[in-house]
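Asker: One structure follows; several queries about it will come next.
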Amino acid sequence: MPDAAAHLPFYYGSIARSEAEEHLKLAGMADGLFLLRQCLRSLGGYVLSMVCDLQFYHYPIERQLNGTYAILGGKAHCGPEELCEFYSKDADGLCCPLRKPCNRPSGVEPQPGVFDSMRDNMVREYVRQTWKLEVLGYPGGGVGTRDPSGTGGDALEQAIISQAPQVEKLVATTAHERMPWYHGNISREEAERRLYSGAQPDGKFLLREKKENRAYALSLIYGKTVYHYKVDHDKSGKYSIPEGTKFDTLWQLVEYLKLKPDGLIFYLREACPNPNMPGELTALSATPGLGLPPAGASGAVPAPISLPVPSPAGEGARNLGHLNADGYTPDPVGGMRNAGGEGELAKRAEKPFPIHEGHGMGKGRFITKGSSWEGAGKSRLLPMDTSVYESPYSDPEELKDKKLFLKRDHLMIDEVELGAGNFGCVKKGVYKMRKKQIDVAIKVLKSNNEKTVKDEMMKEAQIMHQLDNPYIVRMIGVCEAESLMLVMEMASGGPLNRFLASRKDEITTSNIVELMHQVSMGMKYLEEKNFVHRDLAARNVLLVNQHYAKISDFGLSKALGADDSYYKARTAGKWPLKWYAPECILYHKFSSKSDVWSYGVTMWEAFSFGQKPYKKMKGPEVISFIEQGKRMDCPQECPAEIWEERPGFVAVENIIRSYYYSIAAKPENGPDTGDKAKAALP
């Protein structure tokens, strides 16, 4: 069963997104320039990578069970070649038509995937065994009975051809059992023993199976410490690290994690070989996946991620998060997974939410709309169930109209103000898209504002328009009409500090950690995109609902150069000094690490239920206080495990996630976790 796209000169095989973008850059970045590559997430699928307006677009192509291929929401085609030919004549939802193939260099073959080398043999063996079982079903059949037609070879080929997609998916789900890193049903202790045996390089890993429910765990060495990660298996059959990217098979998940940590403390680098596996299979451990070289090769493996700093109690990160008896951090109860039956998420209706008259701007007050927040233990709306988890442009049809400047006649503005400030006001509105209408918050600039204020708003819009993450307020666009207007996603719950201050007797520690973990995921995304926020504070964290937070207000944000690790301001401005790291105040230097400092102050605010940091101190007093080596006291409700120094956001997110999972899995009113925070700070 050859790859259906292997003969195409613009097919690159199993390469990463970054490699695809590099090929497109080298080919000139012309509109409609495209290539095809293997899709790691969808078995038998592809990804169409293309250029339009100097930006990259990646469209997954899924193979259907009937053997056809289609982009989500598009027409089905009998093969990838026919699909590309169709889109060269009609964009039909793409950013533009396909115009020029980015062909492989002469003599370069498509990069094979890890499953390609074993797929044909596994499919043939499965069909052959199935055929024998069918032959034994003939009257009088038994061991050694031959196909009555005498055409067993032809029948085998016909069975393979007719059932290829279904059979390939079936055998692919068990392919991990032939991989050297799969150790079968072993305990956490045995996994650690095997990982600690011999050399202990960062990224050494294995996959093991639990006894009950065929669950799996990934065990990984980093900094001479073993970390254990649960592998989720959802109702659709997809595998993932909790809250991570989902895959059809376990081996696809492993290959992806060799390229991107996606929630792990480090990349998967070197397979810990199963001592009970035949020698010819353990040789696969040196097989590179998706262009990643074997351990020891130079120049292609990203730099290590910052280590979590040990807690003040002296326990290393190895003990952070109280792993359970199965050796991995449990996922939280009451919301991380859908506990209901099929279609349960579609049946949930979003609960009424207190609307805050601010949307991140100026003073405001809570308006309670006849209904309280959901109580502990009741079903709640998850972030992925809301209308603002995915970008409104995730639909290829809507992507056609994505522009920074919006048409005024597509915008309906409510006269009721959500909030106001020196710049102007924020109003609620509705933006009409191609196929739907979405609720938006509209920041309206006063007509008498100076040009510099308008310029600052445009800078904020241009930065926000580049960002697309579930935990960041997305910029829909800018509208220039009666006034300059910034159109953003609606996050009706208002700022985190005001919400916590108004409900400190009702909010659990677990809920606070949940929201701060979401903030860390948004900040990790900014770090990966080489942005510094420079104004992270609880007032700039907006709530969609009680369990969903988004980072907002990018007025001070800066994009770093490709080779720059920090931004240096020429002069000081009206800066929020209480949230700034010493290097920002003293040397005007801003980096992702200074954002981590601001995140620490924001976390202090959260666990202090919205209190102001450095109470009663003015700016110069705060500077003197910090220069003397002093720090604010740890809030009474802040767990010791997350009272840390300053690692990078990758490590921060990993620490907060591990701790959140550990306490969220315990009873909501338990004696030592997530209990309702009642004590006020001194």
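Letter by letter, the sequence shown follows residues 1 to 682 in the UniProt record's numbering.
All C-beta atoms, glycine included, are put in the ideal place defined by N, C-alpha and C.
(1) K435 and E489: beta carbons closer than 8 Å?
(2) How would you label N497, buried or exposed, when you count the other beta carbons within 10 angstroms and need 16 or more for buried?
(3) Can you give the Cα-Cα distance for A20 and I442, rounded to whole angstroms?
(4) Expressed to the nearest angstrom, what Euclidean distance is found between the alpha-carbon atoms of P330 and K230?
(5) Below 8 Å on the Cβ atoms is my guess for E605 versus A538; work out the distance and round it to an integer in Å.
(6) Mapping DSSP to helix, strand and coil, what is L233?
(7) Which residues bound the alpha helix (DSSP H) around residue 683?
(8) Grouping DSSP H, G and I as helix and E and B as strand, with all else coil, what is P9?
(9) Given this structure, state the Cα-to-Cα distance separating T287 from P180, to the nearest angstrom.
(10) Relative to the alpha-carbon of V254, which residue among Q437, R41, Y11 has its alpha-carbon at the smallest distance?
(11) Take L500 and list the residues in its own chain whose beta-carbon comes closer than 7 Å to its own, dropping the five residues that flank it on each side.
(12) Would you say G45 and I71 are within 8 Å of each other, going by their C-beta atoms?
(13) As a quick exercise: from V440, G493, F405, S502, pick the residue whose alpha carbon is nearest that of A461.
(14) Please list, in chain order, all residues of the same chain as C52 whose beta carbon is under 6 Å from its beta carbon, the five residues on each side excluded.
(15) Kindly indicate which residue of M603, K630, A5 has the alpha-carbon position closest to the one of C638.
(16) For M384, count neighbouring C-beta atoms within 10 Å of its own C-beta (all shown protein chains included) and say buried if the count is 16 or more, exposed if not.
(17) How is F247 classed by DSSP in three states: helix, strand or coil?
(18) Label S510 either buried or exposed according to how many other C-beta atoms from any shown protein chain fall within 10 Å of its C-beta, with 16 as the threshold for buried.
(19) Following the continuous beta strand (DSSP E) through G419, name the residue where it begins and the one where it ends.
(20) Could you check which residue in E85, T174, Y256, S598 has the C-alpha nearest to that of S14?
(21) Tell me which residues share the same chain as F56 and place their Cβ nearer than 6 Å to its Cβ, disregarding the 5 neighbours each side in the sequence.
(22) Please go through the region 449 to 493 and give each complete beta strand (DSSP E) segment of 3 or more residues, from N-terminal end onward.
(23) Can you tell me where the alpha helix (DSSP H) holding A30 begins and where it ends?
(24) Since I believe G429 is in contact with M457 (beta carbons under 8 Å), could you give me their beta-carbon distance rounded to a whole number of angstroms?
(25) Going straight from the alpha carbon of L542 to that of K504, what length do you get?
(26) Can at least three beta-carbon pairs, one atom from the region 203 to 211 and one from the region 616 to 626, be found at a separation below 8 Å?
(27) Since K550 sits in a beta bridge, which residues does DSSP pair it with?
(28) Under the three-state reduction of DSSP, which class applies to S42: helix, strand or coil?
(29) Any idea what DSSP makes of I15, helix, strand or coil?
(30) According to DSSP, simplified to helix, strand and coil, what is K504?
(31) State the Cα-Cα distance for the pair G107 and D395, rounded to the nearest angstrom.
(32) On a CA-only basis, which of N276, K238, K204 is nearest F266? Give me that one, please.
(33) Go through its chain and collect everything with a Cβ distance to T68's Cβ below 7 Å, but skip five positions before and after it.
(34) To the nearest angstrom, how far is the alpha carbon of S387 from that of I186?
(35) So Y12 packs on P110, CB below 8 Å; how close in whole Å?
(36) So, helix, strand or coil for V440, using DSSP?
Answerer: Quick look at the numbers:
(1) In terms of Cβ geometry, K435 and E489 do not form a close pair [threshold 8 Å].
(2) By the 10 Å Cβ count, N497 comes out buried.
(3) Across the structure, A20 and I442 are spaced so that their CA atoms are roughly 37 Å apart.
(4) Below a pLDDT of 50, predicted positions are generally treated as unreliable, and P330, at 35, falls in that range; the measurement from the model is reported next regardless. Straight-line Cα distance between these residues: approximately 7 Å.
(5) Their Cβ separation, rounded to whole angstroms, is 4 Å, which keeps E605 and A538 in contact under 8 Å.
(6) The residue you asked about is not Leu; residue 233 is His in the sequence shown. Here H233 sits in strand by DSSP.
(7) Nothing in the structure corresponds to residue 683, since the chain is present only between 1 and 682.
(8) In this structure, P9 counts as coil in the three-state DSSP scheme.
(9) Only weak support exists for where T287 lies, its pLDDT of 37 falling under 50; the coordinates are left without a value.
(10) The option with the nearest alpha carbon to V254 is R41.
(11) Same-chain partners within the cutoff: I507, A606, F609, G610.
(12) No; because the gap between Cβ atoms is not below 8 Å, this pair is not in contact.
(13) With distances taken between Cα atoms, A461 lies closest to F405.
(14) Within the same chain, C52 has close Cβ partners D31, C95, C96.
(15) Per the C-alpha coordinates, the member of M603, K630, A5 positioned closest to C638 is M603.
(16) Residue burial is scored here from C-beta neighbours: M384 has fewer than 16 other C-beta atoms within 10 angstroms and is therefore classed as exposed.
(17) F247 falls in the strand class under three-state DSSP.
(18) Buried, by the Cβ-count rule.
(19) G419: member of the beta strand (DSSP E) spanning 411 to 420, first to last residue.
(20) It is Y256.
(21) If the five residues before and after F56 are omitted, its C-beta is found closer than 6 Å to the C-beta atoms of E21, all from its own chain and listed in chain order.
(22) Here the runs fully enclosed are 475 to 480, 484 to 489.
(23) That residue, A30, is in no alpha helix (DSSP H); it is neither H nor E in DSSP.
(24) Under the criterion of beta carbons closer than 8 Å, M457 and G429 do not qualify as touching, at roughly 17 Å.
(25) In a straight line, the C-alpha of L542 is about 17 Å away from that of K504.
(26) Between the region 203 to 211 and the region 616 to 626, the count of C-beta pairs closer than 8 Å stays below three; the two stretches do not touch.
(27) According to DSSP, K550 bridges with L542.
(28) In the structure shown, S42 sits in coil (DSSP, three-state: anything other than H, G, I, E or B).
(29) Here I15 carries a coil assignment [DSSP, helix/strand/coil].
(30) For K504, the three-state secondary structure derived from DSSP is coil.
(31) In this structure, the straight-line span from the alpha carbon of G107 to that of D395 is close to 37 Å.
(32) The shortest Cα separation from F266 among N276, K238, K204 belongs to K204.
(33) The beta carbon of T68 lies closer than 7 Å to those of A76, H77, C78 in the same chain, with the five residues before and after it left out.
(34) Cα-Cα distance, rounded: 42 Å.
(35) Right, their Cβ atoms sit about 6 Å apart.
(36) Correct three-state label for V440: strand.
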